[in-house]
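**Q** This is the structure I have questions about; it appears just below.
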Ligand code: F6R
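Given below as structure tokens:
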């Protein structure tokens, strides 16, 4: 999703740093990029496509133009993920106002942009793009001119007025060309910032300051950051940072010193970040388990949550995409281990159910980025009801952590660069198991013996994942036979419905094939109509030592065979020693033996490989699939 980076300093390195910053925002997903530089005028360089294309375009400018680029000490940059207006050169950011007196980059959505645009058109402003951002540029320009005409211009005053006109979400960075002002009134080079519901942080350097959408972008330049809160405005120059709220109150910057993480943009020899992140899964899960290594039944806790779990009557999980899938595991196990009803709701649909909440409810928000607008807004609304909030994320510096504070569990998955989630997803599932254990123990719902058995099984996961990763070549070979199919159905039942959903999502995201997951019992209620020899059906059936769950596994096989009789190529994903009807399938994909209740993490891994190898074989952009964003910061 859109990313912002800005620089103001004393050395002529704005262009280089902005391009470097943009590269670190690539993982968020984008379709175009650009920078604007402030010298004696504001110049914009932007295009559809990759940052490499932008770089090539800049370095093929005339010598004179290039030297202008290279001497700039102030600028703003942007990666755009199209919301208003198709991805093209004109709609790419930065946007200039009508007379090129300022440039602006924006992350978010302005809901009232159409009425503002009509108002500005009647005042003579001319628009080149279809974007809501160009409306902000011209609106700010209009406000600025009016204030200048009565000698009342002030950066904060103009920003406040701008914010009072904008409805929606925005992180903004603006540079202004003041070269027409006389030397006495001319301000120093600076960047104006505004934040409402979209992420924005300031980085503090030595005689230079930065602003960006995420702290990791700033971290490559400085470890000191100031996080802007919603409804805050800032003006930064090379050696000053001033912050005010929308009401004009001064805000003292709170400086945080972050830990440097220099390995983030390194593929460590893997062809793609996705592959690297798949292989990081055992390490991430081991780290999580090592933190509870010394704990037992009497003192078990994933974390010291400030929540009285004995008082909770219902749990709501809110999340999107893969995080939403992961939550289904919490639903399955918390119901069984602690007899608490759990409802899993897609975050963007949650607002319609918020009226039912009370202080006896626990709302668990799950988000790898910690910045997903749908999830954050749902949590904000839940908070107002007095319900208990708890967050699971892998990003400490995130909005979800700010919102849920001490009740945030940070998984050690760290940042994911590849857009499709892998290690974040499996770490979320392990977090669900451990959270369910903590809640069940707190409510005295589990016998010690059962608790020990669960923990033992969870501790086996990293080794089993290692063993599964060693089978990558086999998964690759198997998957390539199916690379050219356009439609896939994934089936399972019970706890592994989540695996079917995640397997289908990974395949869709990476290979662009159409893939849908169904609880296998639903097949005959409609979807079976689409089956023929062109629609492979991948069924996930993991045996269990518990009778009910074993019956579930057997039912999946029967439903899968119903699909096979409709000529669908039939693929079974199961454990090494399961022999139930396996000879009737066209292909059997195996994982190491594991009981069904603990299998969603392990069973996902072959499906991650399938999606990866099929996408790679088809020549798709594995790490940055088309149209997708890593941090979905708009509703
Ligand atoms: C799938 C994927 C997305 C995210 C979803 C939520 O591979 O990455 O479906 O899971 O956009 O994102 P977060 O977890 O950042 O809230």
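Residue numbers (our numbering): 39 to 673. Glycine included, each C-beta is placed from N, C-alpha and C at the ideal position. Computed from a predicted structure; not experimentally measured.
Using beta-carbon positions only, say whether residue 599 and residue 619 come within less than 9 angstroms of one another.
**A** Along the chain shown, read from residue 1 onward, the residue named residue 599 stands at position 561. Along the chain shown, read from residue 1 onward, the residue named residue 619 stands at position 581. Yes.
**Q** Would you mind giving the Cβ-Cβ distance between residue 401 and residue 425, rounded to the nearest angstrom? I have them listed as a contact below 8 angstroms.
**A** Indexing the chain shown from 1 puts residue 401 at position 363. Indexing the chain shown from 1 puts residue 425 at position 387. The Cβ separation is near 5 angstroms, so the contact holds.
**Q** In three-state DSSP terms, what is residue 357?
**A** Here residue 357 refers to the residue found at position 319 of the chain shown. Three-state result, residue 357: strand.
**Q** When a residue counts only if its C-beta is closer than 6 angstroms to some heavy atom of ligand 1, which residues count, in chain order?
**A** Matched residues: 358, 359, 360, 361, 405, 406, 407, 410, 413, 458, 459, 543, 547, 670.
**Q** Please determine, among 403, 207, 454, 345, the residue with the shortest C-alpha to C-alpha distance to residue 304.
**A** Here residue 304 is taken as the residue at index 266 of the chain shown, counted from 1. When each option's Cα is compared against that of residue 304, the closest is 454.
**Q** Based on Cα-Cα distance, which residue from 456, 606, 489, 506 lies nearest to residue 471?
**A** Here residue 471 is taken as the residue at index 433 of the chain shown, counted from 1. Comparing Cα positions, the closest option is 489.
**Q** Could you give the distance in angstroms between the alpha-carbon of residue 238 and the alpha-carbon of residue 496?
**A** What you label residue 238 is simply residue 200 of the chain shown in a count that begins at 1. What you label residue 496 is simply residue 458 of the chain shown in a count that begins at 1. Near 38 angstroms, if we compare the C-alpha coordinates of residue 496 and residue 238.
**Q** Given that a residue counts as buried once 16 or more other Cβ atoms are within 10 Å of its Cβ, and exposed if not, what is residue 556?
**A** Locating residue 556 in the chain shown gives position 518, counting from the first residue. Buried is the call here.
**Q** If you check the beta carbons only, do residue 586 and residue 457 fall under 9 angstroms apart?
**A** Taking the first residue of the chain shown as 1, we reach residue 586 at position 548. Taking the first residue of the chain shown as 1, we reach residue 457 at position 419. No, the Cβ-Cβ distance between residue 586 and residue 457 is not below 9 angstroms.
**Q** Label residue 102 either buried or exposed according to how many other C-beta atoms from any shown protein chain fall within 10 Å of its C-beta, with 16 as the threshold for buried.
**A** As a position in the chain shown, residue 102 is number 64, starting the count at 1. Exposed, since its Cβ has fewer than 16 Cβ neighbours within 10 Å.
**Q** Where in the segment 476-542 do unbroken runs of the beta strand (DSSP E), each at least 3 residues long, occur, reported from the N-terminal end onward?
**A** DSSP runs (the beta strand (DSSP E)) wholly in the segment 476-542: 525-530.
**Q** Run through the segment 103-189 for me and flag every whole alpha helix (DSSP H) of 4 or more residues, listed as ranges in chain order.
**A** Correct list: 151-160, 170-187.
**Q** Tell me residue 44's beta-bridge partners as DSSP assigns them.
**A** Counted from its first residue, the chain shown places residue 44 at position 6. Bridge partners of residue 44: 114, 249.
**Q** By Cβ distance below 6 angstroms, which residues in the same chain neighbour residue 381 in space, the five residues on each side in sequence not counted?
**A** Position 343 of the chain shown, counted from the start, is the residue given in the question as residue 381. So the qualifying residues of the chain are 354.
**Q** Which residue from 190, 228, 615, 601 puts its Cα closest to that of residue 623?
**A** By one-based count along the chain shown, residue 623 stands at place 585. Nearest option by C-alpha distance: 601.
**Q** Would you list the residues sitting across from residue 628 in a DSSP beta bridge?
**A** If you number the chain shown from 1, residue 628 lands on position 590. In DSSP, residue 628 forms a bridge with 612.
**Q** DSSP three-state call for residue 607: helix, strand or coil?
**A** In the chain shown, counting from the first residue as 1, residue 607 sits at position 569. Correct three-state label for residue 607: coil.
**Q** To the nearest angstrom, how far is the alpha carbon of residue 606 from that of residue 535?
**A** Residue mapping note: residue 606 aligns to position 568 of the chain shown, counting from 1. Residue mapping note: residue 535 aligns to position 497 of the chain shown, counting from 1. In a straight line, the C-alpha of residue 606 is about 20 angstroms away from that of residue 535.
**Q** Which residues does DSSP pair with residue 74 in a beta bridge?
**A** In the chain shown, counting from the first residue as 1, residue 74 sits at position 36. 82, 114, per the DSSP bridge assignment.
**Q** Kindly indicate which three-state DSSP category residue 419 falls into: helix, strand or coil?
**A** Taking the chain shown and counting its residues from 1, one reaches residue 419 at position 381. In the structure shown, residue 419 sits in a helix (DSSP, three-state: H, G or I).
**Q** Identify, in the order they occur along the chain, each residue of the same chain with its Cβ nearer than 8 angstroms to the Cβ of residue 164, setting aside the five sequence neighbours on each side.
**A** Numbered from its first residue, the chain shown carries residue 164 at position 126. Around residue 164: 136.
**Q** Could you check how far apart the C-beta atoms of residue 119 and residue 68 are, in whole angstroms? I think they sit under 8 angstroms.
**A** Here residue 119 is taken as the residue at index 81 of the chain shown, counted from 1. Here residue 68 is taken as the residue at index 30 of the chain shown, counted from 1. Correct: roughly 5 angstroms between the Cβ atoms.
**Q** Is the segment 387-395 in contact with the segment 445-453, if contact means three or more CB pairs nearer than 8 angstroms?
**A** These segments do not touch.
**Q** With a threshold of 16 other CB atoms inside 10 Å of the CB of residue 153, please say whether the residue is buried or exposed.
**A** As a first step, residue 153 is located in the chain shown; it is residue number 115 there, counting from the start. Per the 10 Å Cβ criterion, exposed.
**Q** From this set, 279, 260, 283, 259, which residue's C-alpha is nearest residue 269's C-alpha?
**A** Residue mapping note: residue 269 aligns to position 231 of the chain shown, counting from 1. Comparing Cα-Cα distances from residue 269 to each of 279, 260, 283, 259, the minimum goes to 283.
**Q** Mind listing, in chain order, the continuous alpha helix (DSSP H) runs of no fewer than 4 residues lying wholly within the segment 276-342?
**A** With a minimum length of 4 residues, the continuous alpha helix (DSSP H) runs that stay inside the segment 276-342 are 311-317, 319-328.
**Q** Going by DSSP, what residue range makes up the beta strand (DSSP E) through residue 232?
**A** Looking up residue 232 in the chain shown gives position 194. That run of the beta strand (DSSP E) goes 229-234.
**Q** Any chance the segment 666-673 sits against the segment 319-331, with 3 or more Cβ pairs inside 8 angstroms?
**A** The segment 666-673 is not in contact with the segment 319-331.
**Q** Could you tell me the alpha carbon to alpha carbon distance between residue 526 and residue 570, rounded to whole angstroms?
**A** Taking the first residue of the chain shown as position 1, residue 526 is located at position 488. Taking the first residue of the chain shown as position 1, residue 570 is located at position 532. Computed Cα separation, rounded: 11 angstroms.
**Q** Could you spell out where the alpha helix (DSSP H) holding residue 638 opens and where it closes?
**A** Mapped onto the chain shown, residue 638 falls at position 600. 638-655 is the span of the alpha helix (DSSP H), which, as asked, contains residue 638.
**Q** Would you list the residues sitting across from residue 399 in a DSSP beta bridge?
**A** Walking along the chain shown from the start, residue 399 turns up at place 361. The partner list for residue 399 (beta bridge, DSSP) reads 352.
**Q** Assuming residue 240 and residue 247 are in contact, meaning their beta carbons sit under 8 angstroms apart, how far apart are those beta carbons, in whole angstroms?
**A** If you number the chain shown from 1, residue 240 lands on position 202. If you number the chain shown from 1, residue 247 lands on position 209. About 6 angstroms; that satisfies the 8 angstroms criterion.
**Q** Can you tell me which residues form a DSSP beta bridge with residue 577?
**A** Numbered from its first residue, the chain shown carries residue 577 at position 539. In DSSP, residue 577 forms a bridge with 529, 610.
**Q** Is residue 345 helix, strand or coil by DSSP?
**A** Here residue 345 corresponds to residue number 307 of the chain shown, with the count starting at 1. In this structure, residue 345 counts as coil in the three-state DSSP scheme.
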